[in-house]
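Novice: Residue numbers (the working numbering), protein chains in the order written: chain A, 28 to 231; chain B, 28 to 231.
There are 2 protein chains.
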Amino acid sequence: MAEMQAMPPEVEGGETTERVLQILSTSARLFATTGYDGTSMRDIALACGISKSLLYHHFADKDEIFARITLGSTRELVQFVESRLPEGAAPSLRIRAFMAATGEYFQRYRWAWIASTTAFWNDPQQRRQTERMLWRDRYEGLIRRLIEEAIAAGEIRPLDVPLAGRLVLSALNWMHRWHKPDQGMPAPEVAEAYFDMIFHGLKR
Amino acid sequence: MAEMQAMPPEVEGGETTERVLQILSTSARLFATTGYDGTSMRDIALACGISKSLLYHHFADKDEIFARITLGSTRELVQFVESRLPEGAAPSLRIRAFMAATGEYFQRYRWAWIASTTAFWNDPQQRRQTERMLWRDRYEGLIRRLIEEAIAAGEIRPLDVPLAGRLVLSALNWMHRWHKPDQGMPAPEVAEAYFDMIFHGLKR
DNA sequence: CCGGACCCTGACCGACCGGTCAACGAAGGG
DNA sequence: CCCTTCGTTGACCGGTCGGTCAGGGTCCGG
Chain A
28 MAEMQAMPPE VEGGETTERV LQILSTSARL FATTGYDGTS MRDIALACGI
78 SKSLLYHHFA DKDEIFARIT LGSTRELVQF VESRLPEGAA PSLRIRAFMA
128 ATGEYFQRYR WAWIASTTAF WNDPQQRRQT ERMLWRDRYE GLIRRLIEEA
178 IAAGEIRPLD VPLAGRLVLS ALNWMHRWHK PDQGMPAPEV AEAYFDMIFH
228 GLKR
Chain B
28 MAEMQAMPPE VEGGETTERV LQILSTSARL FATTGYDGTS MRDIALACGI
78 SKSLLYHHFA DKDEIFARIT LGSTRELVQF VESRLPEGAA PSLRIRAFMA
128 ATGEYFQRYR WAWIASTTAF WNDPQQRRQT ERMLWRDRYE GLIRRLIEEA
178 IAAGEIRPLD VPLAGRLVLS ALNWMHRWHK PDQGMPAPEV AEAYFDMIFH
228 GLKR
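1) Of the choices 229/A, 108/A and 35/A, whose alpha-carbon is the least far from that of residue 165/A?
2) If I follow the unbroken alpha helix (DSSP H) through residue 140/B, where does it start and stop?
3) May I ask you to list the residues that DSSP assigns as paired with residue 183/A?
4) If I follow the unbroken alpha helix (DSSP H) through residue 93/B, where does it start and stop?
5) Answer with buried or exposed for residue 76/B, where buried requires no fewer than 16 other C-beta atoms within 10 angstroms of its C-beta.
6) Note down, in chain order, all residues in the region 87-101 of chain B with a beta-carbon under 7 Å from any beta-carbon belonging to chain A.
7) The region 113-127 of chain B: which residues have C-beta closer than 7 Å to a C-beta of chain A, in chain order?
8) List the residues of chain A whose Cβ lies closer than 9 Å to the Cβ of residue 77/B, in chain order.
9) Is residue 68/B close to chain A, meaning its C-beta is less than 8 Å from at least one C-beta of that chain?
10) Assuming residue 63/A is part of the alpha helix (DSSP H), what are its boundary residues?
11) Taking Cβ positions only, does residue 226/B come closer than 8 Å to chain A?
12) For chain B, is any of its Cβ atoms less than 8 Å away from the one on residue 132/A?
13) Once DSSP output is grouped into helix, strand and coil, what is the label at residue 129/A?
14) Out of curiosity, what's the CA-to-CA distance linking residue 34/B and residue 163/A?
15) Any beta carbon of chain B sitting closer than 8 Å to that of residue 83/A?
16) Select from the region 151-182 of chain A all residues with a C-beta closer than 9 Å to any C-beta belonging to chain B, and list them in chain order.
17) Should residue 185/B go down as buried or exposed, given a rule of 16 or more other Cβ atoms within 10 Å for buried?
18) Which residue comes first and which comes last in the alpha helix (DSSP H) that contains residue 35/A?
19) Name the chain A residues whose beta carbon is nearer than 7 Å to that of residue 1/B?
20) When you compare only the Cα positions, how much space is there between residue 206/A and residue 94/A?
21) For a test of the three-state rule: what should DSSP assign to residue 86/B, helix, strand or coil?
22) Name the two residues that bound the continuous alpha helix (DSSP H) containing residue 197/A.
23) For residue 180/B, which residues of its own chain have a beta-carbon under 6 Å away from its beta-carbon, when the five flanking residues on both sides are left out?
24) Can you confirm whether residue 73/A, when its beta carbon is compared against all beta carbons of chain B, has any partner nearer than 8 Å?
25) Pick helix, strand or coil for residue 156/A, following the three-state DSSP scheme.
26) Measure the C-alpha to C-alpha separation of residue 101/B and residue 171/A and round it to an integer number of angstroms.
27) Here's a check: name, in chain order, each residue in its chain whose Cβ is nearer than 7 Å to the Cβ of residue 217/B, leaving out the five neighbours to either side.
28) Do you know offhand how far residue 189/A's Cα is from residue 175/A's?
29) Any C-beta of chain A within less than 7 Å: which residues of the region 191-212 of chain B qualify?
30) With respect to the alpha helix (DSSP H) encompassing residue 69/A, which residues constitute its N-terminal and C-terminal limits?
31) Comparing alpha-carbon positions, which option in 66/B, 106/B and 99/B lies nearest residue 157/B?
32) Report the residue from 167/A, 144/A, 160/A and 97/A whose alpha carbon sits nearest the alpha carbon of residue 193/A.
33) Hey, would you say residue 208/B sits closer than 8 Å to residue 134/B, going by beta carbons?
34) Quick one: what's got a C-beta closer than 8 Å to residue 132/B's C-beta in the same chain, skipping five residues either side?
35) Alpha carbon to alpha carbon, how far is residue 53/A from residue 146/B?
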């Protein structure tokens, strides 16, 4: 049990006993650090201090564990970010809140985030990832809509909206490759610093 | 043989017969699409139309193939980008050239780039990646130095240089996750569009 | 004609993979 | 008391993994 990382609640879509949560959070950490293929069911069982068979008592197979992690964390991310957008505020401030909330979510559910962001991005058979992609599209659509609103409000100059959205998402999605928790700027601050750079530009 | 993707020349560090190049480029494509663990030596041999044993005639083990790809492409990237920086030009233009050159390199050596960028980023034992990291540091140091020069020249306002560098690199390194070759904007143009957004800012 | 040197092969190895199965022990309701 | 349910286990399965090995073919210099 020991030092397990938090998992997003994700009530629906399966039972959430303590043991299940332990398996999910432990697996998320392993998937994030050694990859999907690099993590065996034996590794997970050993890290949980249980037998391999017990994993199959709670989950149908390895894919289901992974799918629960990625789908759950992606859905929670979108809902968390949406809940953090200040209603009625200026579009640019809402973009800033979007980025800060993403940084905070990343900081809180680091392993699940990394596992979701890293693996299977180009799996042709797209195992159980279709529903996750729906949430991912909603997340990407959200930042584009915020940018469009900022353009309509005259805060942002007319530009390639999908590309601008990708620029924002690139900065956020690449954070896990260099950011160390408990070291340097907290992730939400990094996200806000990124916003300031992107919004105002590097130019003097 | 058939449809093999180009590999950077990388003369030094091993023989470069046609067969070796075929193995390297085929492996790069497989590593990029199915990951390191997801690519077996049998897969590589089959895709090359040769026996698995022949792989071990040309390479000591799987790691050596991977190391040749990642080290070679990283080294070539740095040297390519450095050769593309306009001497004596304004620092901001040199940053723009840095980004465009990276986009062009990505477009040209797509599989090797993706294989290098995707895998083993947090391998604790860091197999044969130490020399590659030296080149990676040089690449990252280069963009930071360019930004510092732009600040000294008064083109860019004083700011967190490492963070600004990471913003630039994030945009470039995330491209492979969404950019399709032969579809949409060519990668160098994307890189330049990114520069314009980051340099001038989204703000109207 | 000989003998290396160099490409190249199929058969094989132990280890580990994801997944299955029969059964055990404790808990709890009748 | 028994019976069912549920969390839990170790032994086991076929298949695939990275890697080895002995040797076949072919070409070339002597």
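Where a beta carbon is used, it is the ideal one built from N, C-alpha and C, also for glycine.
Specialist: Well, looking at it:
1) 108/A
2) 137-145
3) 230/B
4) 89-111
5) exposed
6) none
7) none
8) Here the premise fails: no neighbours, minimum Cβ distance about 24 Å.
9) no
10) Run containing residue 63/A: none; DSSP gives neither H nor E here.
11) So yes, residue 226/B belongs to the interface.
12) Not one chain B Cβ lies under 8 Å of residue 132/A.
13) In this structure, residue 129/A counts as helix in the three-state DSSP scheme.
14) Whole-angstrom Cα-Cα distance: 33 Å.
15) no
16) 151, 174, 177, 178, 181 and 182
17) exposed
18) Counting along the chain, residue 35/A falls outside any alpha helix (DSSP H), and DSSP gives it neither H nor E.
19) Absent from the model: residue 1/B. The displayed extent of chain B is 28 to 231, so no value can be given.
20) 25 Å
21) Residue state for residue 86/B is assigned as coil, using DSSP reduced to three classes.
22) 188-200
23) 118
24) no
25) In this structure, residue 156/A counts as coil in the three-state DSSP scheme.
26) Counting only the Cα atoms, residue 171/A lies some 33 Å from residue 101/B.
27) 130, 202 and 206
28) 10 Å
29) 191, 193, 194, 197, 198, 200, 201, 204 and 205
30) 68-75
31) 99/B
32) 167/A
33) Using a Cβ distance threshold of 8 Å, residue 208/B and residue 134/B count as a contacting pair.
34) 103, 104, 107, 108 and 140
35) 21 Å
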